[in-house]
Amino acid sequence: QMAEGVSVFSRVMTTLAALIIFFLMLCLGAHTSLSSLVTLWQQPSLLGRSLLSTLVLFPVGAAVIGYLVLSGGQPGVGRVALGLGVLAAAPGAPLLSRRAAMAGSNPDVAFSIQVTLALLATVTTPLTLWVLSSLFAPINASADYGIIAKQVLLVQFLPLGLGLAIRQFSGEQAANVGQLLSVIASTLFAVLLVFALGTSIVVLPTIAWRGLVVIPLMVIFGLACGHFLGGQEMAVRSAVATGTNARKARM
Numbered sequence: 016q017m018a019e020g021v022s023v024f025s026r027v028m029t030t031l032a033a034l035i036i037f038f039l040m041l042c043l044g045a046h047t048s049l050s051s052l053v054t055l056w057q058q059p060s061l062l063g064r065s066l067l068s069t070l071v072l073f074p075v076g077a078a079v080i081g082y083l084v085l086s087g088g089q090p091g092v093g094r095v096a097l098g099l100g101v102l103a104a105a106p107g108a109p110l111l112s113r114r115a116a117m118a119g120s121n122p123d124v125a126f127s128i129q130v131t132l133a134l135l136a137t138v139t140t141p142l143t144l145w146v147l148s149s150l151f152a153p154i155n156a157s158a159d160y161g162i163i164a165k166q167v168l169l170v171q172f173l174p175l176g177l178g179l180a181i182r183q184f185s186g187e188q189a190a191n192v193g194q195l196l197s198v199i200a201s202t203l204f205a206v207l208l209v210f211a212l213g214t215s216i217v218v219l220p221t222i223a224w225r226g227l228v229v230i231p232l233m234v235i236f237g238l239a240c241g242h243f244l245g246g247q248e249m250a251v252r253s254a255v256a257t258g259t260n261a262r263k264a265r266m
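Mapping the sequence shown onto our numbering, position 171 (from 1) lands on 186, and the numbers just tick up by one.
Below, the structure is given as C-alpha cells:
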C-alpha cells in the first residue's frame with residue numbers, strides 16, 4: 016500500500032510539475048521580446064565562454080567530483096560519476112529564467128542561455144554521454160535524439176512560442192494578459208515549491224553522506240565556472256553561473 020501511495024504521489028507531482036512549467040514558460044514568452052532570444056548570439060565571446068562553462072567544464076567537473084568523493088563508497092562509482100556528468104550536461108531547466116531573476120541576473124542573457132542550451136540539447140547531451148562513458152564507465156550507453164527533441168519541444172519551445180504569440184497579437188492588452196499569466200504562474204510556482212520541500216524532507220534522510228557532500232560541491236563548482244567566465248558585469252556573471260547550475264534531470 017505504501018508503494019502504491021508513493022506511485023500515486025509521484026504521478027501527481029509529475030502532472031503538477033508539467034502544468035506549472037507550461038504556465039511558467041507561457042508567462043516567460045508573454046513577457047519577453049524576440050530580441051532577447053539573440054542577446055547571447057550577438058556577443059560571440061560571451062557565447063563561447065557560456066558554452067564552455069555549461070557544456071564542458073561543468074559536466075567534466077561534476078563527473079570528476081562524483082568520482083573522487085564516491086570512490087570510497089559502493090562499487091560501480093564510474094557509473095555514478097557518469098550519471099552526474101550527464102545530469103550536469105542536460106539541457107537547462109525551464110525554470111532557469113525565473114531562478115536567474117531571483118538571483119538578480121541579466122534577464123536577457125539568462126533567457127538567451129536557456130534557449131541556446133535547449134536548441135543544442137539534441138546534440139550536446141548524447142555527445143557528452145559518449146565522451147564521459149569513455150572516460151569513467153566503459154558501458155554501452157546511448158541517448159535517444161528523438162526523445163530529447165520531443166522533451167525540449169513540448170516543455171520549452173511550445174509554451175514559449177505560444178507566449179511570444181500572445182505578446183505579439185494581443186496588442187494593447189499585452190500587459191494585462193502578461194500580468195494575468197504572471198499571477199497564475201507565481202501561484203503555481205509557490206505550490207510546486209511546497210511539494211518539492213515535502214519531497215526533500217522525505218528523500219534527503221535516505222541519501223548517504225557521500226551523496227550529500229557531492230551536491231554542494233557540484234553547485235559551488237558550477238557557480239565558480241559561471242562567475243569566472245561571465246565577464247566583468249555582475250548581472251551577466253550571475254546569469255552565466257545560474258545557467259551553468261540549472262539542469263533538468265528528466266532530460
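Heads up, the beta-carbon is just placed ideally off N, CA and C, and yes, glycines get one too. Every value quoted in this text rests on a predicted model; they were computed, and no experiment measured them.
Discussion item. Tell me the rounded alpha-carbon separation between P231 and A77.
Written reply: Each residue's alpha carbon lies about 11 angstroms from the other.
Item to complete: Take the Cβ of P122 as the centre, count every other Cβ of all protein chains shown within 10 Å, and call the residue buried at 16 or more, exposed below.
Response: Buried is the call here.
Fill in: Between the CA atoms of L49 and Q57 - distance to the nearest angstrom
The alpha-carbon atoms of Q57 and L49 are separated by roughly 13 angstroms.
Practice prompt. Confirm, please, whether the CB-CB distance from A125 to T257 is below 8 angstroms.
Written response: In this structure, T257 places its C-beta atom within 8 angstroms of the C-beta atom of A125.
Worksheet item: Would you report the Cα separation of L34 and F243, rounded to the nearest angstrom?
Response: Straight-line spacing of the CA atoms in L34 and F243 works out to 35 angstroms.
Worksheet item: Pick from G81, I181, R114: whose alpha carbon is nearest that of L147?
Response: Closest option to L147, Cα to Cα, is G81.
Item to complete: Could you tell me if Q194 is buried or exposed, where buried requires 16 or more neighbouring beta carbons within 10 angstroms of its beta carbon?
Response: So Q194 counts as exposed.
Worksheet item: What are the boundary residues of the alpha helix (DSSP H) that S120 is part of?
Response: Run containing S120: none; DSSP gives neither H nor E here.
Worksheet item: Between N260 and G237, is the Cβ-Cβ spacing less than 8 angstroms?
Response: Contact: yes.
Worksheet item: Taking the Cβ atom as the reference point for each residue, do L175 and A32 lie within a distance shorter than 8 angstroms?
Response: Remark: C-beta atoms of L175 and A32 do not approach each other more closely than 8 angstroms.
Discussion item. Please classify T140 as buried or exposed, where buried requires at least 16 other C-beta atoms within 10 Å of its C-beta.
Written reply: It counts as buried.
Worksheet item: Rounded C-beta distance between L52 and V130? I'm assuming under 8 angstroms.
Response: Confirmed, about 6 angstroms.
Worksheet item: Taking the continuous alpha helix (DSSP H) assigned at V15, which residues delimit it?
Response: What the structure shows of the chain is the stretch from 16 to 266, and residue 15 is not part of that stretch, so it cannot be assessed.
Discussion item. Between the alpha carbons of Q171 and M40, how many angstroms are there, rounded?
Written reply: Q171 and M40 have their C-alpha atoms spaced approximately 6 angstroms apart.
Discussion item. If you follow the alpha helix (DSSP H) that L175 is in, where does it begin and where does it stop?
Written reply: Start and end: 173-184.
Practice prompt. Look up T47 in the DSSP assignment and say whether it is helix, strand or coil.
Written response: In the structure shown, T47 sits in coil (DSSP, three-state: anything other than H, G, I, E or B).
Worksheet item: With A164 and T202 assumed to form a contact (beta carbons below 8 angstroms), what rounded beta-carbon distance in angstroms separates them?
Response: 31 angstroms between Cβ atoms; not a contact.
Worksheet item: Given that a residue counts as buried once 16 or more other Cβ atoms are within 10 Å of its Cβ, and exposed if not, what is A18?
Response: In this prediction, A18 scores a pLDDT of 49, lower than 50, which makes its location untrustworthy; the coordinate-derived value is nonetheless stated afterwards. Exposed, by the Cβ-count rule.
Worksheet item: Cβ atoms of A115 and P74: under 8 angstroms apart, would you say?
Response: Their beta carbons are not under 8 angstroms apart, which means P74 does not touch A115 by this criterion.
Item to complete: Report back the beta-carbon spacing between G178 and L83 to the nearest angstrom; my notes put them in contact at under 8 angstroms.
Response: With a contact defined as Cβ atoms closer than 8 angstroms, G178 and L83 miss out at about 42 angstroms.
Item to complete: Kindly indicate which three-state DSSP category T54 falls into: helix, strand or coil?
Response: Coil.
Practice prompt. Go ahead and label T29 buried or exposed: buried means 16 or more other beta carbons lie within 10 angstroms of its beta carbon, across all protein chains shown.
Written response: That one is exposed.
Worksheet item: If you draw a straight line from the alpha carbon of W145 to that of E248, how long is it in whole angstroms?
Response: Our two residues, W145 and E248, have alpha carbons roughly 35 angstroms apart in a direct line.
Fill in: Range of the contiguous alpha helix (DSSP H) that encloses G245
Bounds of any alpha helix (DSSP H) do not take in G245, whose DSSP letter is neither H nor E.
Discussion item. To the nearest angstrom, how far is the alpha carbon of S127 from that of L55?
Written reply: Using only the alpha carbons, I get a separation of about 6 angstroms.
Worksheet entry | Span of the alpha helix (DSSP H) around A14 | Residue 14 falls outside the range modelled here, since the chain spans only 16 to 266, and no answer is possible.
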